[in-house]
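Residue 343 is where the sequence shown starts when you use my numbering, and the numbers rise one by one after that.
See below for the structure under consideration.
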Amino acid sequence: LPALEAHGFVAYLDLSGNPLGHASGKRLLQFVRRCSSLQWLLLEETALLYSLSKLINQKVTENRKRSANLLHQHQQEEEQSLMALAADLLQDPPARTAPIHAPPYGHTRWAPPHDAG
343 LPALEAHGFV AYLDLSGNPL GHASGKRLLQ FVRRCSSLQW LLLEETALLY
393 SLSKLINQKV TENRKRSANL LHQHQQEEEQ SLMALAADLL QDPPARTAPI
443 HAPPYGHTRW APPHDAG
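If you want it as structure tokens, here you go:
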């Protein structure tokens, strides 16, 4: 397990056919609790007690559901962001309240036009 913990991200692990006893099962349960990225764990033909195997699989199932929920939430947020961007792009530009005048050629200072009225 130390080699797996060093990776940081483990999504799938097949330990089937390994002679995992009670002590290994307890360490595996601790690992599964710390490694929230682990979404699939196969434990067929091991010497684990059914009750310990069930606890381990429940935690892996929780990890998988949480990952799916986070992915769905991220996709919804991304879609909302894209929709807001599209709505902004489709809006008409704001109307200008006064025309913008460039200073006459040769003038370095700009002043707004004077009203004749």
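Think of the CB as a built atom: it goes at the ideal place given N, C-alpha and C, for glycine as much as any other residue.
Checklist entry - Nearest-angstrom Cα distance between Leu424 and Leu432? => result The C-alpha of Leu432 is placed about 12 Å away from the C-alpha of Leu424.
Next on the checklist: Restricting to Cα atoms, I'd like to know which of Leu380, Gln422, Lys396, Ser378 is closest to Glu386.
Outcome noted: Per the Cα distances, Lys396.
Checklist entry - Hey, how far is the Cα of Ala426 from the Cα of Gln381? => result So the alpha carbons of these two residues sit roughly 33 Å apart.
Item to check | Closest by C-alpha distance to Gly359, when choosing among Ala410, Thr388, Glu404 | outcome: Ranking the options by Cα distance to Gly359, first place goes to Thr388.
Next on the checklist: Assuming Ala461 and Ser378 are in contact, meaning their beta carbons sit under 8 Å apart, how far apart are those beta carbons, in whole angstroms?
Outcome noted: The question about residue 461 has no answer here: the residues shown for the chain are numbered 343 through 459.
Checklist entry - DSSP puts Asp356 in a beta bridge; with which residues? => result For Asp356, which the question treats as bridged, DSSP gives the partners Leu384.
Item to check | Integer Cβ distance of Leu357 from Leu371, believed to fall under 8 Å | outcome: Leu357 to Leu371, Cβ: 13 Å. No contact.
Checklist entry - According to the Cβ coordinates, are Leu465 and Leu383 closer than 8 Å? => result For the chain, the structure presents residues 343 to 459; residue 465 sits outside this window and is missing.
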